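Take a look at the structure below.
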Amino acid sequence: MNKKRILILLAIAAAVGGIFISLSRGEKEALDMKKTKTLIVYYSRTGNTKVVAELIQDKVGGDLAQIETKQERPSNYREEVAQNEREQNEAVLPELKTAIPDFESYDRIFIGAPTWNMALPQAVVAFMDRHDFTGKTVIPFNTNGGYGAGSSFEQIRTGVKGARTLEGFSVEGGRETDGVLLDIEGQRKTEVSREIAAWLEKIGQ
-12 MNKKRILILL
-2 AIAAAVGGIF
8 ISLSRGEKEA
18 LDMKKTKTLI
28 VYYSRTGNTK
38 VVAELIQDKV
48 GGDLAQIETK
58 QERPSNYREE
68 VAQNEREQNE
78 AVLPELKTAI
88 PDFESYDRIF
98 IGAPTWNMAL
108 PQAVVAFMDR
118 HDFTGKTVIP
128 FNTNGGYGAG
138 SSFEQIRTGV
148 KGARTLEGFS
158 VEGGRETDGV
168 LLDIEGQRKT
178 EVSREIAAWL
188 EKIGQ
């Protein structure tokens, strides 16, 4: 076999080998994605945060879980806000009805909540306090009455010790003081869905 022919065969072998290596890496990435287990937890009073959680689930899959307290919360908005403010000021963590026995099996966790008194509802703080987030990826999302996320994203970052926290998503939802409860529906829901898709792409999820 002449030298030229040997060089051609070596070049073909190298190219084929490169394809196999490339395919092998692609398969590995696909397998890694399949192994990622996602949990989307949320606290919602009027349904806006729940809708955002469901829209996220539509795009990334995973399991949904609503954070609920053992003690029934006030149905009157102003009473609820006043009670939550007292809990915030006194660092009270309400007992939770929500239980996620296989929490340790989740790698990626979305945490969603409305802004109350420019901060998180204490039920969400209680949820973070109850669980170990070491080694997990945490992604916050928020609904609010027009005043933004407040300190809620920072609270989540400090509350999920040992986790990697990504950029959060915040969107205006209902405004109970103006009598607007569920706002993320119809055309507005479609708009928010597009915003969520753009956010997920930006953070690589």
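Here our numbering is used: the first residue of the sequence shown is -12, the next is one more, and so on.
The beta carbon of each residue, even a glycine, is placed where N, CA and C say it ideally should be.
Fair warning: this is a prediction, and the values are worked out from it, not measured in the lab.
{"Asked": "Inter-residue CB distance, Met115 and Val147 (contact presumed, cutoff 8 Å)", "Found": "6 Å"}
{"Asked": "Option nearest Tyr64 by Cα separation, candidates Gln142, Arg32 and Lys24", "Found": "Arg32"}
{"Asked": "Environment of Ser62 [buried if 16+ CB atoms lie within 10 Å]", "Found": "exposed"}
{"Asked": "C-beta contact flag for Thr56 and Pro81 at 7 Å", "Found": "yes"}
{"Asked": "Ranges of the beta strand (DSSP E) found wholly within the segment 11 to 90, counting only runs of at least 3", "Found": "25 to 29 and 50 to 53"}
{"Asked": "Secondary structure, beta strand (DSSP E): runs of 3+ residues fully inside the segment 127 to 169", "Found": "156 to 159"}
{"Asked": "Own chain residues within Cβ distance below 6 Å of Tyr93, not counting five before or after", "Found": "Lys24 and Leu26"}
{"Asked": "Cβ contact (3+ pairs, closer than 8 Å) linking the segment 137 to 153 and the segment 42 to 55", "Found": "no"}
{"Asked": "Beta-carbon proximity check, Ala100 vs Leu107, cutoff 7 Å", "Found": "yes"}
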